[in-house]
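2 protein chains.
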Amino acid sequence: MLTEKELKEYSDNARASYLPHISIDCVVFGFHEGMLKVLLLHMKNENGWYLPGGFVLKDEPIELSANRILKERTGLDEIFLQQFHVFGDPQRSKDHFEMYKDMLPRAENWFTDRFLTIGYYALVDFCDAIPQPDIFSADCIWRDLDDLPELKLDHALILKTALDTLRLQLNYQPIGYNLMPKEFTMPELQKLYETILDKKLDRRNFQRRMLGFGILKRSEKPRKGGAHKAPYLYSFDLENYQAALTEGFKGGW
Amino acid sequence: MLTEKELKEYSDNARASYLPHISIDCVVFGFHEGMLKVLLLHMKNENGWYLPGGFVLKDEPIELSANRILKERTGLDEIFLQQFHVFGDPQRSKDHFEMYKDMLPRAENWFTDRFLTIGYYALVDFCDAIPQPDIFSADCIWRDLDDLPELKLDHALILKTALDTLRLQLNYQPIGYNLMPKEFTMPELQKLYETILDKKLDRRNFQRRMLGFGILKRSEKPRKGGAHKAPYLYSFDLENYQAALTEGFKGGW
DNA sequence: AATCGATAGTGTATTATTGACACAAGAGTA
DNA sequence: TACTCTTGTGTCAATAATACACTATCGATT
């Protein structure tokens, strides 16, 4: 926990560097061992968990802010980042960093301001990320999506909204690339979809549909070592993948 | 155009009332005589056209801000409003109200600040709206979507993004209710869809699909007066419509 | 009153997509 | 060699999307 002096310093510096009243919160999804994970921060000397977040430098495009924040938390650059919603209830930041609430006069304390937060969700390869806590938190760790701790502020709402958006986007955008390692098997990819959608899919129909999109390349060599029939390895055909991203999957009308 | 004194007053008042660096821009769609329309403002003493916009009161939820702004511009309340994107390039507001640029010192002039703008799009019944200019504009009028004037700032981008979002949402949300009058014929509704999507649809298939959604009620009496066979009148079945809104149209996976 | 032109209402055959389902093949293990 | 587990693949039925043609009715025209 920061001392009064440190808080004052942080606040002064924040006011000098960042746009006031605006924050960014990131819902970072990862996929590991058949589980969808979210990156969460655990506050020092407090029970609360938070989404990784930060602020926008006075002259910085917000996409770069989100990128910068994520790089600080994961070490990753060029992450798949998708802005999905702004949360603007005046009450939402009421309980922001409660322990710092009365440590400074309101006008000086950055954390007593009202904040609109821009929600981004990110899809990252679990294995590549190296979670790093920020100065307010003791821990930055992956948590299973179906075993979440209680989240502070409106971060539970932000997370739910991100997940809903992700599920919706799955219908008209190819998602897998950012969550899967370079090479993977069809059952592994299917597991990702089943995990995101939280339902079982038919193995054969899934394969047919996925291949139908034309964004997968089958490698010559199957994955060896398992105790069963060796599955083929696939990777994304980046060219077609990008095209599919911009065009969208399903026509609709 | 405002005098220096008026600008100073506006700026002082804005700084006292609104969250700094945050604005809201609205893309208001209407539908009339087979054309999709957008509400635009024409600046006093300037060639520029702008989207209707405004700012967020210091203690106001942003949804209410958007509502308030739209009510001021259209007289309408309880509008279908959808937040769709935040535009956060530091350069985007560089040319904001150029004519007021050098009239006041930067620190005093509200319009030289950097603004992130939250984009909302609205669907309104063309006939109900009563366009009202704001104090900066000489005109507030409906413009045909396919005959747009040049837009200032990044408002062309905002409009395009809104339109793309609208087209996408058409695939998994029932849209018509907010753009159509209470009663309408199937060909009229089809025209709306064709206009939004900018392509011809098959009459019979459109009807089948629409009715299949189960959100339309057919009135007993057809519309009389036309020089041709009298078409049936339909209205939306609000209960089913609301259900469809929350559930979404198409399963996807 | 009969005809014409334009638009609205409806049905059906064809094709593509989705969903359900069963069997064969390969890799390790006993 | 047989067994178990998992993967790969094909087929059939149901459903949805598409293409397309005829009939009905209104006002206008003659």
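Heads up: the protein sequence lines correspond to chains X and S, in order.
Heads up: the first sequence begins at 1 in the numbering used here, then just goes up one per residue.
Heads up: the second sequence begins at 1001 in the numbering used here, then just goes up one per residue.
Even for Gly, the Cβ is constructed at its ideal location relative to N, Cα and C.
Problem set entry | Sequence-distant residues of its chain with Cβ nearer than 6 Å to S/Ile1079 (five each side left out) | As a first step, residue 1079 of chain S must be located in the second sequence, where it is residue number 79. Closer than 6 Å at Cβ, skipping near neighbours: Leu1070, Ala1122, Val1124.
Exercise. Closest by CA to X/Val56, which one among S/Lys1101, S/Gly1088, S/Asp1237?
Worked result: One-based indexing of the first sequence puts residue 56 of chain X at position 56. Answer by Cα proximity: S/Gly1088.
Exercise. Going along chain S, which residues have a C-beta under 7 Å from X/Ile118?
Worked result: Taking the first sequence and counting its residues from 1, the one referred to as residue 118 of chain X is at position 118. Those are Val1086, listed as they occur along chain S.
For this session: Return yes when the Cβ of S/Asn1045 is within less than 8 Å of the Cβ of S/Met973, no when it is not.
Result: One cannot answer for residue 973 of chain S here, as it falls past the ends of chain S, which runs 1001 to 1253.
Problem set entry | Selection of the segment 15-36 of chain X by Cβ proximity to chain S, strictly under 9 Å | Leu19, Pro20, His21, Ile22
For this session: Check the Cβ-Cβ distances between S/Glu1060 and every residue of chain X, and say whether any is below 8 Å.
Result: By 1-based counting over the second sequence, the position of residue 1060 of chain S is 60. Chain X, which has a Cβ nearer than 8 Å to the Cβ of S/Glu1060, makes this yes.
For this session: Would you verify that the beta carbon of S/Pro1052 is, or is not, closer than 8 Å to some beta carbon of chain X?
Result: Here residue 1052 of chain S refers to the residue found at position 52 when the second sequence is read from its first residue. So no, S/Pro1052 is outside the interface.
Exercise. In three-state terms, what does DSSP make of S/Thr1185?
Worked result: Position 185 of the second sequence, counting from 1, holds the residue named residue 1185 of chain S. S/Thr1185: coil per DSSP, three-state reduction.
For this session: Would you give the residue range spanned by the beta strand (DSSP E) that X/Thr117 belongs to?
Result: Locating residue 117 of chain X in the first sequence gives position 117, where the first residue counts as 1. Counting along the chain, the beta strand (DSSP E) containing X/Thr117 begins and ends at 116-123.
For this session: Step through the CB atoms of chain X and report whether any lies within less than 8 Å of the CB of S/Asp1164.
Result: On the second sequence, position 164 is the one that residue 1164 of chain S refers to. By this cut-off, S/Asp1164 is not an interface position.
Exercise. Between S/Ile1196 and S/Leu1168, which are expected to be in contact by the criterion C-beta below 8 Å, what is the C-beta distance as a whole number of angstroms?
Worked result: The residue you call residue 1196 of chain S lines up with position 196 of the second sequence. The residue you call residue 1168 of chain S lines up with position 168 of the second sequence. Contact flag wrong, Cβ pair sits at about 11 Å.
For this session: Over the uninterrupted alpha helix (DSSP H) stretch that includes X/Pro72, give me the two end residues.
Result: One-based indexing of the first sequence puts residue 72 of chain X at position 72. Looking at the sequence shown, residue 72 of chain X is not Pro but Glu. Element bounds for X/Glu72: 62-74.
For this session: Sort S/Ile1022, S/Met1186, S/Gly1212 by Cα distance to S/Pro1231 and report the nearest one.
Result: Within the second sequence, numbered from 1, the residue matching residue 1231 of chain S stands at position 231. Measuring from the Cα of S/Pro1231, the nearest candidate turns out to be S/Met1186.
Exercise. Opposite S/Gln1083 in the DSSP bridges: which residues?
Worked result: Your numbering for residue 1083 of chain S matches position 83 in the second sequence. Paired residue(s): S/Tyr1120.
Exercise. Since S/Gln1173 meets chain X, which of its residues come closer than 9 Å, beta carbon to beta carbon?
Worked result: The sequence position of residue 1173 of chain S within the second sequence is 173, counting from 1. The CB of S/Gln1173 never comes closer than 9 Å to any CB in chain X; the least such distance is about 11 Å.
Exercise. For X/Cys140, which beta-bridge partners are listed by DSSP?
Worked result: Counting from 1 along the first sequence, the entry for residue 140 of chain X is found at position 140. Answer is X/Leu41, bridged to X/Cys140.
Exercise. Would the beta-carbon of X/Ile130 fall within 8 Å of that of X/Gln83?
Worked result: Residue mapping note: residue 130 of chain X aligns to position 130 of the first sequence, counting from 1. Residue mapping note: residue 83 of chain X aligns to position 83 of the first sequence, counting from 1. Contact flag unset, no.
For this session: Give the single residue among S/Leu1233, S/Phe1213, S/Leu1216 whose Cα lies nearest to the Cα of S/Pro1222.
Result: Position 222 of the second sequence holds residue 1222 of chain S. Minimum Cα distance to S/Pro1222 is reached at S/Leu1233.
For this session: Give a yes or no on whether the minimum CB-CB distance between S/Asp1089 and chain X is below 8 Å.
Result: Your numbering for residue 1089 of chain S matches position 89 in the second sequence. Yes, its Cβ sits closer than 8 Å to a Cβ of chain X.
For this session: Could you tell me whether the segment 49-68 of chain X touches the segment 25-36 of chain X, using the rule of 3 or more Cβ pairs below 8 Å?
Result: yes
Exercise. Considering only the beta carbon of each residue, do X/Trp142 and X/Ala14 sit closer than 8 Å?
Worked result: Translated into positions along the first sequence, residue 142 of chain X becomes position 142. Translated into positions along the first sequence, residue 14 of chain X becomes position 14. For X/Trp142 and X/Ala14, no; Cβs fall outside 8 Å.
Problem set entry | Cα-Cα separation between X/Asp134 and X/Cys140, rounded to whole angstroms | Sequence index remark: in the first sequence, residue 134 of chain X carries index 134 (1-based). Sequence index remark: in the first sequence, residue 140 of chain X carries index 140 (1-based). Spanning the two alpha carbons is a distance of roughly 8 Å.
Exercise. Is the CB-CB distance between S/Leu1036 and S/Thr1074 below 8 Å?
Worked result: Here residue 1036 of chain S corresponds to residue number 36 of the second sequence, with the count starting at 1. Here residue 1074 of chain S corresponds to residue number 74 of the second sequence, with the count starting at 1. In this structure, S/Thr1074 does not lie closer than 8 Å to S/Leu1036 by Cβ.
Exercise. What residues in the segment 200-224 of chain X bring their beta carbon closer than 8 Å to a beta carbon of chain S?
Worked result: Taking 8 Å as the Cβ-Cβ cut-off against chain S, the residues of the segment 200-224 of chain X that qualify are Leu201.
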